Amino acid sequence: MSNESLDWFAHAKLDRLTALGLRRSVIDTERKDGVHIRRGERDMVSFSCNDYLGLTHHPAVQAAAMDAVAAHGAGAGASRLITGNHDLYGILEARLAALKGTEAACVFGSGYMANSGILPALAGPGDLIVIDALGHASMNMGARAARAEIKTFRHNDAEDLSALLTENRKTYGNCLVVTEGVFSMDGDRAPIDRLAAVAADNDAWLMVDDAHGFGVLGGGRGTAWEFDPHPDVPLQMGTLSKAVGVYGAFLCASAPVIELMKNRARSLVYTTALPPAVIASCIAAVDIIETDSERVVRPLQNAQAFCDAVGLPNPESPIVPLVIGAEQAALDASAALEDEGFLVTPIRPPTVPAGTSRLRFTFSAEHTPAQVVALADSVNGLSLPDNDMPVTGA
Ligand SMILES: *Cc1c(COP(=O)(O)O)cnc(C)c1O
């Protein structure tokens with residue numbers, strides 16, 4: 005067999021992951037609605053989905069997809085620059101720009117693709133990209149593709165960013181500062197007001213990836229609207245796959261920046277447009293985010309009720325980490341909760357730093373108060389290892 009070395013290579017890599025306790029597998033999971041799932045023979049309540057508003061299974065969001073398939077077909081057929089730009093794109097982009105208060109918006113295939121394409125369109129060799137130390141893998145992907153100098157600032161530390169820019173900014177052409185609105189593994193919010201001020205003082209452009217804030221914080225408009233007055237962020241990225249419940253991502257920015265994206269972001273130019281049904285569902289979901297304010301606030305309320313019941317600090321978002329430490333201990337805790345009917349996925353390196361393996365709870369508008377109480381009872385009953393790790397992340 006001529007490809008034997010290929011399989012050996014894969015086996016060796018996998019064996020190493022197994023030895024480190026870092027081997028992962030994908031498990032078939034049937035999602036019955038926003039919170040109920042089935043794995044094998046087991047029915048569970050999920051506290052691991054990013055479907056914060058339960059919109060993946062909302063009747064209006066589903067109906068929009070089915071109508072769009074009937075009207076426009078299953079797929080877009082080409083890149084947006086060729087013939088893939090069905091008219092639903094313009095409608096969704098106008099809605100997103102209005103919601104975010106920017107001149108224009110641009111929809112991408114996914115959050116990963118957006119970050120992979122936006123950064124290289126704005127920075128290149130000789131430029132500087134400064135990323136929060138806990139920034140998402142897709143930001144680092146985009147920064148590497150840009151071939152700009154990459155530096156990190158201490159997590160959520162505007163003073164560290166300021167010192168870094170004071171020392172380095174003048175050496176480079178353009179400078180981008182990139183952070184998340186809500187950090188995906190810790191659930192804490194970026195100090196967007198202070199980061200925006202530091203960026204402005206240093207002629208740097210701030211980009212906030214609000215994958216986990218859009219739809220649930222700031223009345224649904226996002227994390228920046230938790231600040232009063234809300235800071236001016238020139239590059240507002242977000243996903244359509246989490247609270248929006250569908251798929252895709254967006255950048256809201258000025259008209260020339262968006263025009264540049266449609267010309268220069270390779271992950272937009274060289275890929276097929278999203279299916280019409282996806283865009284139609286997103287429009288229906290934005291309708292709900294704009295009108296159902298009671299649904300928008302519920303995920304954070306549920307997170308608050310849980311934190312109160314288990315003695316964790318007040319949550320800043322619907323994401324609540326319970327840092328356990330060792331990989332195996334996090335796996336054991338997750339398995340114990342599964343036995344009680346709760347799906348809470350353990351998060352391990354390389355997604356989080358070594359020694360900070362954790363349970364990551366995400367709360368949905370669809371969780372009932374009784375489900376949250378039952379989860380808290382089970383968590384309080386866990387026997388967790390005694391160690392010096394802090395109880396929460398961040
Ligand atoms: C989930 C996530 C992404 C990727 O978005 P997808 O639409 O799932 O590709 C990007 N950035 C952050 C911060 C995320 O949490």
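Numbering (the numbering used here), first residue to last: 5 to 398. Just so it is clear, CB atoms sit at the ideal spot from N, CA and C, and this is done for glycine as well. Note that this is a predicted model, so its numbers are computed, not measured.
Here T87 is exposed. Its C-beta has fewer than 16 other C-beta atoms within 10 Å.
In the structure shown, the three-state DSSP call for M189 is coil. DSSP places G44 in the coil class of the three-state scheme, outside both helix and strand. Under a 10 Å Cβ-count criterion, D205 is classified as exposed, with fewer than 16 other Cβ atoms of the shown protein chains found around its own Cβ.
By the criterion of a C-beta distance shorter than 7 Å, I95 is surrounded in its chain by I287, once the five residues flanking it on both sides are discounted. Selection A102, N267, T355 and V376 evaluated against G345 yields V376 as nearest (Cα-Cα). By the neighbour-count definition (other C-beta atoms within 10 Å, threshold 16), S52 is a buried residue. For F367, the CB contacts under 6 Å within the same chain, skipping 5 residues up- and downstream, are P303, N306, A307 and P322 in chain order. For S361, the enclosing beta strand (DSSP E) has its first and last residue at S361 to T366. Under the three-state reduction of DSSP output, T170 falls in the helix class. Secondary structure of R35 (DSSP, three-state): strand.
Note on the region 78-158: whole alpha helix (DSSP H) runs with a minimum of 4 residues are 92-104, 115-126 and 141-150, in chain order. Remark: the shortest separation between the CB of A247 and any heavy atom of ligand 1 does not fall under 7 Å.
Non-local C-beta neighbours of A162 in its own chain, meaning closer than 6 Å and more than five positions away in sequence, comprise P195, R198, L199 and V202, ordered along the chain.
Around the Cβ of E34, a 10 Å sphere holds fewer than 16 other Cβ atoms; the residue is exposed.
Between the region 123-139 and the region 176-191, the count of Cβ pairs shorter than 8 Å is three or higher; the stretches touch. Take L85, set aside five residues on each side of it, and the residues of its chain with a beta-carbon closer than 7 Å to its own are V273, in chain order. For S387, the three-state secondary structure derived from DSSP is coil.
In the DSSP assignment, I351 forms a beta bridge with R362. Assignment of G217 by DSSP, reduced to helix, strand and coil, places it in the coil class.
8 Å or more divides the Cβ of S297 from the Cβ of S120. Here A72 is not near A253, since their CB atoms are 8 Å or more apart.
Segment contact: the region 100-116 against the region 125-133, fewer than three CB-CB distances shorter than 8 Å; contact not assigned.
When C-alpha distances from V248 are compared across K266, I122, G217 and P235, the shortest belongs to G217. Between the C-alpha atoms of A289 and A64 there is a straight-line separation of about 8 Å. Its chain contains A137 and D164 as the residues whose beta carbon lies nearer than 7 Å to that of R158, once the 5 sequence neighbours on both sides are disregarded; these appear in chain order. By the C-beta density criterion, E230 is buried, having at least 16 other C-beta atoms within 10 angstroms. By the C-beta density criterion, D213 is buried, having at least 16 other C-beta atoms within 10 angstroms. Rounded to the nearest whole angstrom, the CA to CA distance from C311 to L57 is 19 Å. I323 is bridged by DSSP to T366. The residue from N7, S338 and E107 with its alpha-carbon nearest to that of S361 is S338. Straight-line spacing of the CA atoms in F365 and K174 works out to 42 Å.
A distance below 8 Å between beta-carbons, with the five flanking residues on each side excluded, links N144 to the following residues of its chain, in chain order: I135 and I154. Not one heavy atom of ligand 1 lies closer than 7 Å to the C-beta of N144.
Counting every other CB atom within 10 Å of its CB across the protein chains shown gives P357 a total below 16, marking it as exposed.
The continuous alpha helix (DSSP H) containing L304 extends over residues S297 to V314.
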